[in-house]
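Note sheet for the following structure.
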């Protein structure tokens, strides 16, 4: 800015005509515009500043839902607290009973589901992505169901269940 007042051109202003030439606009701009239109997920247009209405409109909060909000967060925290002794017990005692192992596997499955659900809600919001949010949630539900079946098979068919699998993986020796 000071250089412009003195009439001295900086390197950026000296090169600006070359960068913004008509050839540059005709070659690169349409390519970038086509790229942004075709490869990225279309979003729902948002109001400027994400403000709906005007200053005089009353705030309309979200409708209460038993499966979201503070009850949901409290349940997630309770699951995490319940998982802590279940995770530590096999390391201290060296073994674990089948019902405790099944409870740990179920809680771990729900813990993973809740974490991925939070990521989807935060990074693929319904108000911006619309149908993609719904698709991601259904994909999460499908993946959780498949994982639940895998946990069931692991608990019923293998010796030791989830912790038995962890032990076998931990003690597995490489073959040379």
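Numbering (the UniProt record's numbering), first residue to last: 1 to 176. Glycine is no exception: its CB is placed at the ideal position from the N, C-alpha and C atoms.
Checklist entry - Are residue 114 and residue 124 closer than 8 Å when you measure CB to CB? => result No.
Item to check | C-alpha gap between residue 54 and residue 98, whole angstroms | outcome: If you take the alpha carbons of residue 54 and residue 98, they lie about 59 Å apart.
Next on the checklist: Please state the DSSP three-state secondary structure of residue 67.
Outcome noted: If DSSP states are grouped into helix, strand and coil, residue 67 belongs with coil.
Checklist entry - Hey, out of 109, 122, 142 and 128, whose CA is closest to residue 50's CA? => result When only C-alpha atoms are compared, the closest one is 128.
Checklist entry - Straight-line CA distance for residue 152 to residue 46? => result Rounded to whole angstroms, residue 152 and residue 46 show a C-alpha spacing of 44 Å.
Item to check | C-alpha distance - residue 108 paired with residue 56, whole-angstrom precision | outcome: If you take the alpha carbons of residue 108 and residue 56, they lie about 47 Å apart.
Item to check | Pair within 8 Å by beta-carbon distance, residue 105 and residue 161 | outcome: Result yes, Cβ atoms of residue 105 and residue 161 sit closer than 8 Å.
Checklist entry - Taking just the CA atoms, how far does residue 165 sit from residue 194? => result No answer is possible for residue 194: it lies beyond the span of the chain, which begins at 1 and ends at 176.
Next on the checklist: Let's see if you can read the secondary structure: which residues bound the alpha helix (DSSP H) around residue 117?
Outcome noted: Run containing residue 117: 98–123, per the alpha helix (DSSP H) assignment.
Checklist entry - Given a threshold of 16 other Cβ atoms within 10 Å of its Cβ, counted over all protein chains shown, does residue 101 qualify as buried or as exposed? => result Looking at its Cβ environment, which holds 16 or more other Cβ atoms inside 10 Å, residue 101 is buried.
Next on the checklist: Taking only three categories from DSSP, how would you classify residue 72?
Outcome noted: Under the three-state reduction of DSSP output, residue 72 falls in the helix class.
Next on the checklist: Within a Cβ cutoff of 8 Å, which residues of the same chain sit near residue 37, ignoring the five residues on either side of it in sequence?
Outcome noted: Reliability of the predicted coordinates at residue 37 is poor, the pLDDT of 49 falling under 50, and no value is obtained from them.
Item to check | residue 37 (DSSP reduced to helix, strand or coil) | outcome: Bear in mind that a pLDDT of 49 at residue 37, under 50, signals an unreliable position, so the model cannot answer this.
Next on the checklist: According to DSSP, simplified to helix, strand and coil, what is residue 155?
Outcome noted: DSSP places residue 155 in helix when its eight states are reduced to three.
Next on the checklist: Using the Cβ count rule (16 or more neighbours within 10 Å means buried), how would you classify residue 64?
Outcome noted: Flag for residue 64 reads exposed.
Next on the checklist: Determine whether the beta carbon atoms of residue 117 and residue 139 lie at a separation below 8 Å.
Outcome noted: The Cβ-Cβ distance between residue 117 and residue 139 does not fall below 8 Å.
Checklist entry - For residue 43, which residues from the same chain have a beta carbon less than 7 Å from its beta carbon, with the 5 sequence-adjacent residues on both sides left out? => result If the five residues before and after residue 43 are omitted, its C-beta is found closer than 7 Å to the C-beta atoms of 128 and 129, all from its own chain and listed in chain order.
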